[in-house]
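The structure appears below as C-alpha cells.
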Amino acid sequence: MAPYSLVLERATLDDIPALTGLWYAGFTDPGVRYLWPDTPGVRRWWDDANRQGLANKAYQHYMKVIDTNSKDRQGRPRTVAFAKWDMATQEERGPRYPAWNQDMPLQAIESLDTLVTHPEYRRRGAGSMLMKWGCDLADENGVEVYVDASRDGSFLYRKFGFVEQSLEGEDVPGIIPMARVPASKR
107 MAPYSLVLER ATLDDIPALT GLWYAGFTDP GVRYLWPDTP GVRRWWDDAN
157 RQGLANKAYQ HYMKVIDTNS KDRQGRPRTV AFAKWDMATQ EERGPRYPAW
207 NQDMPLQAIE SLDTLVTHPE YRRRGAGSML MKWGCDLADE NGVEVYVDAS
257 RDGSFLYRKF GFVEQSLEGE DVPGIIPMAR VPASKR
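Those letters in the sequence shown? Residues 107 to 292, per the numbering used here, in order.
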C-alpha cells in the first residue's frame with residue numbers, strides 16, 4: 107500500500123455532505139449521538155447549518171484535510187478531517203443575551219467550533235495540520251482561542267498550548283473547556 111498524502115485545503119460548498127459524514131464517523135460518544143442522532147433529518151440539519159456558515163459567514167473558516175491517495179465515492183480525494191474556526195467580532199456575533207457586563211474583560215477571541223478526524227486517520231497528523239492553521243491565524247491576530255474539548259481531543263490541544271480552564275467542582279462529563287493565549291502574550 108502506498109503511503110498516504112495529507113493536504114490542507116479550504117472546504118467548499120461541494121464538501122458539505124463529506125463534512126457531515128465525517129462528523130458522524132468521528133463523534134460517536136453516546137451523549138453526542140443523543141443530542142444529534144444519526145438520522146436523515148439531522149444530517150440535513152448539519153448540511154444546512156454548514157452550508158449557511160460557508161456561504162454567508164466570512165468570519166467562519168472551514169478547513170479540511172484530504173488524502174490524495176484515497177478516493178471518495180465521487181472519485182475525489184477523501185476528506186479525512188475538518189475544522190471550523192470562528193473569528194467573529196462582537197458586531198458579527200450580534201447582541202449578547204444577557205448583555206456583556208462591564209466587569210468582564212472585553213477581548214477578541216477565536217473559537218474552535220469543531221475539529222474532527224476520521225478514526226482511520228487519527229494520530230497521523232491531520233488534526234495537527236488543522237490546529238497549526240488555526241493557531242497561526244490566532245497568533246497573527248493576537249487573539250486567544252477557546253475550545254470545548256473532548257477527553258481524546260484534549261491531548262492534541264495541549265500540544266498546541268491549550269490549557270484546561272475547568273473550575274473546581276464544575277466538571278461537565280465529556281467536556282473540557284480549554285484556552286490558548288497567542289504566542290505574543292506568552
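Even for Gly, the Cβ is constructed at its ideal location relative to N, Cα and C.
Computed from a prediction, not measured in an experiment: that's the story for all the values here.
In the DSSP assignment, A187 falls within the beta strand (DSSP E) that extends over 183 to 192. A straight-line Cα-Cα distance of about 11 Å links F266 and G233. Around the C-beta of L160, 16 or more other C-beta atoms lie within 10 Å, and the residue is accordingly described as buried. Exclusion of the five residues before and after P288 leaves A244, D245, G248, V249, E250 as the residues of its chain whose Cβ lies within less than 7 Å of its Cβ. The beta carbon of S290 lies closer than 8 Å to those of D245, G248 in the same chain, with the five residues before and after it left out. Of all alpha-carbon atoms in G132, R228, D154, I172, the one lying nearest the alpha-carbon of G181 is that of I172.
In chain order, M284, A285, R286 place their CB closer than 8 Å to the CB of V269, counting only its own chain and leaving out the 5 sequence neighbours on each side.
Segment contact: the stretch 117 to 125 against the stretch 184 to 192, three or more CB-CB distances shorter than 8 Å; contact assigned. Restricting attention to R228, H224, E226, W239, the CA atom closest to the CA of E216 is found in W239. Within the same chain, and ignoring the five residues on either side of D254 in sequence, the residues whose Cβ sits closer than 7 Å to its Cβ are I281, P283.
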